[in-house]
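Take 18 as the starting number for the sequence shown in this note's numbering and just add one per residue.
Glycine is no exception: its CB is placed at the ideal position from the N, C-alpha and C atoms.
This structure is a prediction, so every number in the text was calculated from the model and none was measured.
Have a look at the structure below, then the notes.
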Amino acid sequence: MSSGQYTPKSLASHFSPPQGYVGAFGWISGFSADVRFLNEAADRFTGQGSLQRMQMGEVRLALMLDPHQAALLPTSVPGLAHLPLRDPGRTPFRLMHAKVALLGFRHEQDAARWCVRLVVSTGNWTRQTVEDSLDLACDLQVFSETLGQADCAQERVDIKAATQFLAALRALYDTRLLDAGIPLTGGDAVVELDTWLRACGKKINNPQALLPRFIDSRTRPLLEEILDAVVARQRKPSGYLAMGSGFYEGRANGSGDANARPVVPAKVVSKLKQANLLKEHGEVELYVEPTACQSIAAAVDYLGQHPDHAIAVHAAVPTAALYGERSARTLHAKFIFAANLSQRTGACNNAWLYLGSGNFTEAGMLQKMSARAGNLEAGMVLFPDDLYWRGDARDSAKDPALLSNRLPVGGPLLDADAPGLSAGEPWQPPTSQNYAAPMAFLHWREEGMLALSAEGDDTQPLPDAVDVLNESGEACEHLAGGYAWPGTAPRMVRLRWHSDDERREAWVPVIDAFGRVAATPLGAMELADVELQLMCFPGVPEPEGEVPESEDHEVAPGSPAGKTRAAQRAVSQGAAIRQMMGMVERIASRQVDIAATDWARWCVRLEQTLCQAQESEAVNAFVAMGINPLSPLRAVPFRPVFAEDGALEPGMRYEAMLDRVEKAWKTQGLAAVEGVA
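Here is the structure:
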């Protein structure tokens, strides 16, 4: 039995790295999400605040929601790419409803060490889930150093199943930004996470032939997946069954009658009995949110006297010991729990638990994924062996092993006359459209152009009948390979095009010369600031300025946001030399230890940061002396082993980056430091 003060884990906390690790890349799927939750999740995952992520312009999380949810822009959630559905004519689900995250973390000191975490939630990725709902979530993780151990076989099997689910989902969503081959758009991190996921799925030491606990409804109804997962473990029939859902049939069995009797709870009970997972006279409880329980509200007495098996309807209430006496949290969790309750010990024997996204509706529980009838759902089937259903009230009030602290059960029995019992308002589906635009992003060029490519190739034709709208909502002039943009570089631009005789619009991110995605403008820096930026790589220092003051931290797509340091300090020639050469030495010392997996990102950070110092007093002093202070960085001892050869990609990338910095500094072709007496 556990002890201590148990507090349910916040959904956002599942994004926090294990100690000593930092978030590398993560995939998130779900029905809906909001800016407040995702910013907190991104803060935890990356270890960087919103302003830091705005400055970095690096994609670290990819989000796939139901396509009828409004797009969440990277100006509002920096570091996140909300991927639209590829093809509106190829929507294989009624609703995209599966709430799953696959997160990859890399060790801060040893780049060869990693961790992969799977998170499955019953709640949406919103602040409402965190603050107002009774929801459930679970996670599991695998560390690279434990791959060969038999005791992590189950977790590896689960992650392998979730990876297959994710692969199918990725094929449906627009990943062009991630696939762009630009270090900060997330592609390298995706490849790295894919490598870890493949390692989890290979050569699993699984002598017990364990099956996945992760399930989804791509090919079979969720209820069938649940039954098979439980039967495969040869569970005995249970004497107790508790079920709960945040939403039930609104019009039972497709009927137009608001008072039609619900069929899904009884079907679940019937299927469990047929599979010998529920005793003939087992106790069955159905948990609802009394003020919004759809067709259950008019069927409480009917279910309680159901001719096949009585189903007692209970109110789900927040546990006072966990949430406080005045908590008004409402049921949103979807779960099925079964066990044999020991009257002697209070233990929940032979227990199993489903939690996931599937509501007790035809589309959520009884249909496989299909465009008209079935949602895409996902969940976990767990087999807890440490739960008990009753114990000493004083000792167990906040014990995590107490069933009512783990699940929203134990609430009062309802009857047809229960105060406040209501079907609630009918569900209104969202009406937004988030489908792939003809272009997933554009590149900014300093000549005032939004281009299809970063540089050079302007022969690629523009998509037919696609306009970029300026800040006044007017179409920009079409140029060879891009669009003329009046004014300073935008972070996002709005596209307009026609599809199926319908006018569509969408915001897409702009990638700057350094490969940053929808990032804030870079200000001028002195060398001291340059060192601060580089020495804390891969992190960034806290920027000056305040977080945007809107409640949701939303920032308009075109606003620069954040402050940068631009103050210059006059330095003498001698001080300039000491300061510059000290910085070059420390850069060399830092970069020889950079891991190969971080090299492309390091080159981007080094280039953008050094370019921010191009007008500094120290750089101007070296130009006046006719000396190139960066020349030592080309020397082999100042480069990591894998980047020593300029004929190979890492070395080629590095030398091309130094060429661009020297051009910006106006030191290209000047005397090398090594040759100055």
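Look at CYS620 here: in three-state DSSP terms it is helix.
C-alpha of LYS680 to C-alpha of ASP233: approximately 54 Å in a straight line. Per the Cβ contact rule, the segment 498-508 is in contact with the segment 474-489 (3 or more Cβ pairs under 8 Å).
Annotation for LYS296: the continuous beta strand (DSSP E) segment containing it runs 295-305.
In the displayed model, GLU519 falls within a strand according to three-state DSSP. Around the CB of ARG508, 16 or more other CB atoms lie within 10 Å, so the residue is classed as buried.
The alpha helix (DSSP H) runs lying completely inside the segment 307-355 and spanning 4 residues or more are 317-321, 337-340, given in chain order. Judged by DSSP secondary structure, MET81 falls outside any alpha helix (DSSP H) and instead within the beta strand (DSSP E) spanning 78-81. For ALA41, the uninterrupted beta strand (DSSP E) segment begins and ends at 38-46.
Burial of GLU266 is indicated by the presence of at least 16 other C-beta atoms within 10 angstroms of its C-beta. CYS155 has VAL137 as its beta-bridge partners, per DSSP. Separation of SER449 and PRO654 (C-alpha to C-alpha, rounded to the nearest whole angstrom) is 56 Å. The three-state secondary structure of ASP615, taken from DSSP, is helix. For a cut-off of 8 Å, the C-beta gap from LEU228 to VAL301 is around 26 Å, too long to register as a contact. Contact between ALA457 and LEU102 does not hold, since the beta-carbon distance rounds to 13 Å and is not under 8 Å.
ARG111 places its beta carbon 8 Å or farther from that of ARG53. The beta strand (DSSP E) runs lying completely inside the segment 218-296 and spanning 3 residues or more are 231-233, 255-261, given in chain order. The three-state reading of DSSP puts MET466 in strand, counting E and B together. In the structure shown, the three-state DSSP call for TRP502 is coil. Within its own chain, the residues whose Cβ lies closer than 6 Å to the Cβ of MET113, once the five positions on either side in sequence are excluded, are ASP83, LEU393, listed in chain order.
The beta-bridge partner set that DSSP reports for ILE644 consists of ALA688. At a Cβ-Cβ threshold of 8 Å, ALA506 and PRO200 do not count as neighbours. Pairing LEU404 with LEU370, the inter-Cα distance amounts to about 11 Å. By the beta-carbon neighbour count (other beta carbons within 10 angstroms, threshold 16), ALA167 is exposed. When the beta-carbon positions are compared, GLY47 and THR63 stay at least 8 Å from each other. Closest by C-alpha distance to GLN158, out of ILE176, ASN141, VAL147, TRP142, is ILE176. In terms of Cα proximity to GLN36, the closest of ALA29, PHE42, ILE45, ARG61 is ARG61. The C-beta distance from LEU120 to ALA98 rounds to 15 Å, too long to meet the 8 Å contact threshold.
Here the C-alpha atom of SER262 lies approximately 18 Å from the C-alpha atom of GLU148.
Relative to TRP682, the option among LEU151, ASN645, PRO657 whose CA is nearest is ASN645. LEU551 is the residue among LEU551, VAL678, ALA689, ARG278 whose C-alpha sits nearest the C-alpha of TRP619. DSSP, read as helix, strand or coil, puts VAL485 in strand.
For the options ASP318, GLY140, GLY381, the alpha carbon positioned closest to that of ALA50 is the one of GLY140.
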